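Each remark here refers to the structure printed beneath this line.
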Amino acid sequence: MRTLSDLSDVAGKRVLVRVDFNVPLDGDGQVTDDTRIRAALPTITWLRERGARVILVSHLGRPKGEVNPEFSLRPAALRLAFLLDHPVELADTVVGPEVEALADKLADGEVLLLENVRFEPGETKNDPELAKGLAALADVYVNDAFGAAHRAHASTEGVAHLVPEKAAGLLLQREVETLNGILAAPARPLVAIVGGAKVTDKIGVIDRFLEVADAVLIGGAMCFPFFKAQGHDVGASLCEEEGIEPATRALEAGGQKLKLPVDLTLGREFSADTETQALDGLDVPDGWMGLDVGPKTAAAYGDIIKGAGTVFWNGPMGAFELEPFSAGTREVALAVADCPGTTVVGGGDSVAAVVQFGLEDRVTHVSTGGGASLELIEGRKLPGVEALT
Ligand code: ADP
Ligand code: MG
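Residue numbers (the working numbering): 36 to 424.
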């Protein structure tokens with residue numbers, strides 16, 4: 036993978052940067068969380084300081100190939116201008132003669148943001164014509180959108196082959212190097228914590244870690260297919276039927292490495308004011324659902340995590356959004372924060388949990404790409420990364 040330091044002098048060159056400005060907006064079109072915009076600043080600043088003419092391209096939401104003002108990148112442009120303390124021009128469209136004219140008149144160090152690339156139907160189809168249109172804007176292509184790197188789209192893959200020079204941005208580079216480092220040469224013990232809703236979302240990650248990790252700690256609703264496979268009653272718990280077969284396989288392959296909860300916190304329903312009950316065991320009575328791991332599990336997992344040389348965590352231990360069922364995820368998050376080793380958290384809800392508990396600064400690396408980080412861990416090639424070699 037080529038990186039920024041592999042590029043020849045960028046001064047005066049038009050550099051097309053694929054960023055991930057897919058930020059949440061409120062009803063008034065205000066950015067409610069600018070984490071992703073801030074994550075792109077190091078690369079943008081690196082290029083501007085060297086006199087590059089920076090052209091940014093991103094998607095926002097799912098406008099499905101149609102121009103839709105609801106999905107305009109204008110709020111992101113305003114937010115970026117504020118963060119850079121420098122004007123950011125927003126193009127009305129993605130490609131075409133008008134955008135080319137704007138790109139050509141950019142001065143060194145100036146910044147142009149293209150409109151939402153998913154306004155173009157060719158983006159998600161990796162249409163060569165759209166890729167060509169994007170390539171026409173640039174002398175150099177930089178991809179810093181790790182969160183979109185598992186998709187072969189025109190702005191993440193196609194364009195990379197059509198521009199004279201290309202490289203990974205600083206964020207994408209850090210993501211790929213950190214995640215590959217965990218798999219290639221982790222400080223031991225390597226502990227993977229895998230939770231969340233569905234086994235089928237994460238079975239690839241579980242399988243990979245059963246090969247390379249020293250312990251795999253399972254939590255969240257995805258426990259229940261495992262428990263069902265073991266013959267336990269799961270009551271009204273969220274239990275993915277399609278997860279039972281892969282869970283059975285993982286149980287056979289996992290041996291002592293695979294750890295499952297030993298107790299649970301139950302609720303009547305998925306709600307913060309529901310009746311609750313502690314279960315010292317795993318057979319969930321009818322009319323109850325397991326919504327968190329219990330205190331014995333959290334303590335045992337915490338001990339394993341605190342002794343780890345490397346931790347990878349994806350997926351909460353329970354319905355942490357609901358206060359009565361947040362304790363297991365909180366205890367695991369605190370243990371990750373206390374772990375002296377390298378700690379990596381990936382996944383939308385797991386990252387949200389770490390932020391909710393105010394612990395994000397005590398984790399070595401918070402991954403910005405949920406799906407992309409899982410695919411990388413599974414050992415799959417990311418098209419957006421492959422295109423940068
Ligand atoms: P991530 O986004 O970190 O990859 P997932 O999307 O797989 O995580 O799972 C997070 C969701 O799983 C949360 O909304 C959480 O409420 C839910 N969840 C976790 N444990 C349970 C449970 N025992 N019962 C119901 N929902 C659960
Ligand atoms: Mg999620």
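By construction, the Cβ of each residue, glycine as well, lies at the ideal position given by its N, Cα and C atoms.
Note that the structure is a prediction, hence the values are computed from the model and not measured.
Reducing DSSP to helix, strand and coil, say where residue i ends up.
i           : result
residue 305 : coil
residue 366 : helix
residue 192 : coil
residue 75  : helix
residue 325 : strand
residue 135 : helix
residue 48  : coil
residue 410 : helix
residue 300 : strand
residue 102 : coil
residue 140 : coil
residue 158 : coil
residue 293 : strand
residue 66  : strand
residue 124 : strand
residue 108 : coil
residue 317 : coil
residue 172 : coil
residue 384 : helix
residue 373 : helix
residue 269 : coil
residue 281 : helix
residue 288 : helix
residue 360 : helix
Would you mind working out which of the options sits nearest residue i, comparing C-alpha positions?
i           : options            : result
residue 59  : 86, 97, 295        : 97
residue 444 : 276, 390, 79       : As displayed, the chain neither begins before 36 nor continues past 424, which places residue 444 out of reach and without an answer.
residue 338 : 294, 124, 244      : 294
residue 166 : 140, 179, 130      : 130
residue 354 : 375, 325, 348      : 325
residue 331 : 411, 298, 188      : 298
residue 204 : 40, 62, 228        : 40
residue 255 : 406, 221, 388      : 388
residue 321 : 109, 414, 301      : 301
residue 257 : 269, 249, 313, 274 : 274
residue 135 : 158, 172, 236, 235 : 172
residue 180 : 229, 208, 170, 55  : 55
residue 78  : 319, 89, 69        : 89
residue 248 : 238, 223, 230      : 223
residue 105 : 114, 137, 62       : 62
residue 82  : 102, 49, 74, 109   : 49
residue 421 : 304, 371, 177      : 177
Please classify residue i: is it buried, with 16 or more other beta-carbons within 10 angstroms of its beta-carbon, or exposed?
i           : result
residue 67  : exposed
residue 132 : exposed
residue 93  : buried
residue 150 : buried
residue 289 : buried
residue 416 : exposed
residue 308 : exposed
residue 112 : buried
residue 210 : buried
residue 403 : buried
residue 65  : exposed
residue 43  : exposed
residue 306 : exposed
residue 154 : buried
residue 375 : exposed
residue 122 : exposed
residue 418 : buried
residue 196 : exposed
residue 296 : buried
residue 164 : exposed
Can you name the start and end residues of the alpha helix (DSSP H) that residue i belongs to?
i           : result
residue 332 : 330 to 341
residue 213 : 205 to 219
residue 240 : 234 to 247
residue 261 : 258 to 264
residue 96  : Neither: residue 96 is in no alpha helix (DSSP H) and is coded neither H nor E.
residue 393 : Element bounds for residue 393: n/a, residue is neither H nor E.
residue 418 : 418 to 421
In the DSSP assignment, what are the bridge partners of residue i?
i           : result
residue 346 : 226, 378
residue 178 : 53, 203
residue 38  : 203
residue 400 : 379
residue 165 : Paired residues: none, contrary to the question.
residue 60  : 66
For residue i, report the span of its beta strand (DSSP E) as first-last.
i           : result
residue 91  : 88 to 92
residue 313 : 311 to 314
residue 250 : 250 to 253
residue 146 : 146 to 148
Tell me, please, whether the CB atom of residue i is closer than 7 Å to any CB atom in chain C?
i           : result
residue 392 : Chain labels in this structure do not include chain C; a single protein chain is all it has.
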